[in-house]
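**Q** Just so you know, the sequences run in chain order A and B. Residue 279 in our numbering is what sits at position 279 of the first sequence, and the numbering runs on without skipping anything. Adding 304 to a residue's 1-based position in the second sequence gives its number in our numbering. I have a structure here, written as structure tokens, and I will follow up with some questions on it.
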Amino acid sequence: MAYFSQQLINAITLGAIYGLIAIGYTMVYGIIGMINFAHGEVFMIGAFISLIGFMICSLLGIGSAPLAILLVLLLAMAFTAVYGWAIERLAYRPLRGSFRLAPLISAIGVSIVLQNYVQLAQGARPKPGGQIVSGGYNLFSADGFDVRVTWLQIIIVAVTLVLMTGFTWVIARTPLGRQQRACEQDMKMAALLGVNVNKTISLTFVMGAALAAVAGMLFLMYYGVIDFFIGFLAGIKAFTAAVLGGIGSLPGAMLGGLLIGLIEVFWAGYFSSEYKDVAVFAILVLVLIFRPTGLLGKPEIEKV
Amino acid sequence: MPDQNILEVREIATFYGAIQALHGVDLDVAKGEIATLIGANGAGKSTLLMTICGSPRAQSGSIRFDGEEIVKLPTHEIVRRGVAQVPEGRRIFPRMSVFENLQMGATISDPAHFKQDIERVFAMFPRLAERREQRGGTLSGGEQQMLAIGRALMSRPRLLLLDEPSLGLAPLVVQQIFEAIGRIAREEGVTIFLVEQNAYHALRLANRGYVLVNGRVRLSGTGAELLANAEVRAAYLEGGQT
Ligand SMILES: Nc1ncnc2c1ncn2[C@@H]1O[C@H](COP(=O)(O)OP(=O)(O)O)[C@@H](O)[C@H]1O
Ligand SMILES: [Mg+2]
């Protein structure tokens, strides 16, 4: 029971990070029907900007952890958003209206470029991030085992919850969110009503990148070490999360992220940590076979 | 004294890839009037309305809206100048409520008069008020058409383009829609450019009509003139007085 509870806490933490990345995949897919394979790299860039941000904070002598986290969060979101914007502008927009695979190939190219760029600029070796938040809280003990939730885990889940709530609200209630949904449902009609479609698509990339940046910062704080290659696996897992939840669906991305976290942590905890990634992808294959629209994917019932 | 034209289309050529859909179309719509464009399926009527809105873009020619050249502007900029379209097939956002569809119609308008505008639409189509929370995709065809017109009105357009608003609707609903179109023109002072296959209804309502054949304007005249024209009667009105 104690072991189970501990694994559950760890799984939710990891799932939160995957969920934040998955939102970027799902939103971009929803609006332009394209898998942005460079999104994992955007997450990686976010982690590196966070690393630099924390170094700047310590150089400036900002000792307060909450203040440092807030500053780094804003910094990483802002800079990574610029990356997201630039990628769309340079690598995808010129290909819009081209054949369907063109932006996909372009995305893989962007992904390679970003990996190599960070490898050259930051070095290939893993970079330690230092511990920004330590300590935790012992929930209970059983079977000679302490069930512990760290402050960091609480921060990760809290930040994720706040962002996801805020984000859901933007999509559901604001004019921007409504315009994004309109573009998703009928881009031509949205333009006929005066929506600047290109700008809306840009903003979608910006929002996805900002959330990936937060995931990058949380990942850095959680694992304490990053390298130029972290975007690959995390990206694929978050993509799996998006597909599992139903690509195009926002709550689906969050649910999918949580499920991937659960599968990965429990598989590693109860079976074998070598095969945890295999387990995740086996689930993906099963979902694609038996429920290709994902768990919360939209069924096509509208008459249009 | 010539009327002042709100829309002047000159020598418009539009292509889909290598296929040319419009071969140099010329026509005028005067301020405050109801103009209509009739023609067989595939003549290029929808293409012309969409070209006026910049999507697809004309390959050559000129389109002036209220004196301003708009042929090179992006769609959303054209719309911002006061052109609204009720497109073929209505294109209601299926996963948005009636209310949200109307909000989308108000994308370019001042939020200060949103309430007034939506009240006006609900007064014109009380059915929409009853169904304001229902998803657009689950409305009947007639309700969708009302919503498409209401949505277009939310932007307070000066020129309203309507593409076959009667298509697929029951006769009673068709009558309701045409009454609404007449009222929009008379009471709101909106200029209307109406595309129809239902030539009889359209020509009776219109001050001026054009007949499009294979991407070219073949005939033009007042609604009454075209109704009396032998060629029009033979091609578009035989048995079609529904
Ligand atoms: N998206 C498109 N791609 C290629 N050809 C098209 C497209 N839309 C219309 N066309 C062609 O252009 C011509 C005019 O079509 P359209 O404007 O829809 O006519 P109408 O509205 O008068 O029925 C037709 O020959 C049609 O096949
Ligand atoms: Mg048509």
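Cβ coordinates follow ideal geometry from the N, Cα and C atoms, glycine included. All figures in this text were calculated on a predicted structure; none of them were measured in a lab.
Measuring straight from C-alpha to C-alpha, what distance separates I23 of chain A and L432 of chain B?
**A** As a first step, residue 23 of chain A is located in the first sequence; it is residue number 23 there, counting from the start. As a first step, residue 432 of chain B is located in the second sequence; it is residue number 128 there, counting from the start. Using only the alpha carbons, I get a separation of about 34 Å.
**Q** What are the partner residues of G129 of chain A, as DSSP defines its beta bridges?
**A** Within the first sequence, numbered from 1, the residue matching residue 129 of chain A stands at position 129. In the DSSP output, where bridge partners are listed per residue, G129 of chain A has none listed.
**Q** Is the beta carbon of A339 of chain B within less than 7 Å of some heavy atom of ligand 1?
**A** Translated into the one-based positions of the second sequence, residue 339 of chain B becomes position 35. Flag unset: Cβ of A339 of chain B not near ligand 1.
**Q** Quick check: is the beta carbon of F397 of chain B nearer than 8 Å to any beta carbon in chain A?
**A** One-based indexing of the second sequence puts residue 397 of chain B at position 93. Yes, its Cβ sits closer than 8 Å to a Cβ of chain A.
**Q** Indicate whether T351 of chain B and T318 of chain B have their beta-carbon atoms separated by less than 8 Å.
**A** Numbered from 1 along the second sequence, position 47 holds the residue referred to as residue 351 of chain B. Numbered from 1 along the second sequence, position 14 holds the residue referred to as residue 318 of chain B. For T351 of chain B and T318 of chain B, yes; Cβs fall inside 8 Å.
**Q** Please report the Cβ distance between M44 of chain A and F228 of chain A, rounded to the nearest whole angstrom; I am assuming they are in contact, meaning their Cβ atoms lie under 8 Å.
**A** Numbered from 1 along the first sequence, position 44 holds the residue referred to as residue 44 of chain A. Numbered from 1 along the first sequence, position 228 holds the residue referred to as residue 228 of chain A. The pair is a contact, with the Cβ atoms about 7 Å apart (cut-off 8 Å).
**Q** Mind the definition here: the region 405-413 of chain B touches the region 457-465 of chain B only if three or more C-beta pairs lie below 8 Å; say whether that holds.
**A** Touching, yes, given that three or more Cβ pairs across the two stretches are closer than 8 Å.
**Q** Just how far apart, CA to CA, sit P469 of chain B and Y504 of chain B?
**A** Mapped onto the second sequence, residue 469 of chain B falls at position 165. Mapped onto the second sequence, residue 504 of chain B falls at position 200. Approximately 14 Å between the Cα atoms of the pair.
**Q** Give the secondary structure of S273 of chain A by DSSP, where H, G and I count as helix, E and B as strand, and everything else as coil.
**A** As a working note, residue 273 of chain A is residue 273 in the first sequence. If DSSP states are grouped into helix, strand and coil, S273 of chain A belongs with coil.
**Q** Buried or exposed: E423 of chain B, going by 16 or more other Cβ atoms within 10 Å of its Cβ?
**A** Here residue 423 of chain B is taken as the residue at index 119 of the second sequence, counted from 1. Exposed: under 16 other Cβ atoms inside 10 Å.
**Q** To the nearest angstrom, how far is the alpha carbon of R512 of chain B from that of N309 of chain B?
**A** Along the second sequence, read from residue 1 onward, the residue named residue 512 of chain B stands at position 208. Along the second sequence, read from residue 1 onward, the residue named residue 309 of chain B stands at position 5. For R512 of chain B and N309 of chain B, the distance between alpha carbons rounds to 12 Å.
**Q** From V478 of chain B to I32 of chain A, what distance separates their C-alpha atoms?
**A** Residue 478 of chain B sits at position 174 when you count from the first residue of the second sequence. Residue 32 of chain A sits at position 32 when you count from the first residue of the first sequence. Approximately 36 Å between the Cα atoms of the pair.
**Q** Our contact map puts D186 of chain A next to F418 of chain B with C-beta atoms below 8 Å; I'd like the distance itself, whole angstroms only.
**A** Against the first sequence, residue 186 of chain A aligns to sequence position 186. Against the second sequence, residue 418 of chain B aligns to sequence position 114. About 22 Å; that fails the 8 Å criterion.
**Q** Would you report the Cα separation of N116 of chain A and V517 of chain B, rounded to the nearest angstrom?
**A** Your numbering for residue 116 of chain A matches position 116 in the first sequence. Your numbering for residue 517 of chain B matches position 213 in the second sequence. Going from the Cα of N116 of chain A to the Cα of V517 of chain B covers about 58 Å.
**Q** Report the three-state DSSP secondary structure of D227 of chain A (helix, strand or coil).
**A** Here residue 227 of chain A refers to the residue found at position 227 of the first sequence. Looking at D227 of chain A - three-state DSSP - the assignment turns out to be coil, as it is neither helix nor strand.
**Q** Anyone know if the C-beta pair for H39 of chain A and G208 of chain A falls short of 8 Å?
**A** Sequence index remark: in the first sequence, residue 39 of chain A carries index 39 (1-based). Sequence index remark: in the first sequence, residue 208 of chain A carries index 208 (1-based). Yes. Within cutoff.
**Q** Determine the DSSP secondary structure at G358 of chain B, reduced to helix, strand or coil.
**A** Along the second sequence, read from residue 1 onward, the residue named residue 358 of chain B stands at position 54. It is coil, neither helix nor strand.
**Q** When you compare the CB of G386 of chain B with every CB in chain A, is at least one pair closer than 8 Å?
**A** Counting from 1 along the second sequence, the entry for residue 386 of chain B is found at position 82. No, no contact with chain A.
**Q** Residues in its own chain within less than 6 Å of E264 of chain A by CB, not counting five upstream and five downstream?
**A** Stepping through the first sequence from its first residue, residue 264 of chain A is reached at position 264. Around E264 of chain A: K276, V280.
**Q** Quick one: which residues of the region 179-193 of chain A get their C-beta closer than 9 Å to a C-beta of chain B? List them in chain order.
**A** Of all residues in the region 179-193 of chain A, Q179, R181, A182, E184, Q185, D186, K188, M189, A190, A191, L192, L193 have a Cβ within less than 9 Å of some Cβ in chain B.
**Q** Verify the contact flag: E392 of chain B, CB atom, against every heavy atom of ligand 2, threshold strictly below 7 Å.
**A** Reading the second sequence from its first residue, position 88 is the one you call residue 392 of chain B. Under cutoff, so the answer is yes.
**Q** By the criterion of Cβ-Cβ separation under 7 Å, what are the contact partners of H417 of chain B in chain A?
**A** In the second sequence, residue 417 of chain B corresponds to position 113, counting from 1. Near H417 of chain B there are no residues of chain A at all, since even the closest Cβ is about 15 Å away, more than 7 Å.
**Q** Between L218 of chain A and G123 of chain A, what straight-line distance do the alpha-carbon atoms span, to the nearest angstrom?
**A** Counting from 1 along the first sequence, the entry for residue 218 of chain A is found at position 218. Counting from 1 along the first sequence, the entry for residue 123 of chain A is found at position 123. Straight-line Cα distance between these residues: approximately 21 Å.
**Q** How about I412 of chain B: is its C-beta nearer than 8 Å to some C-beta of chain A?
**A** Taking the first residue of the second sequence as position 1, residue 412 of chain B is located at position 108. Chain A, which has a Cβ nearer than 8 Å to the Cβ of I412 of chain B, makes this yes.
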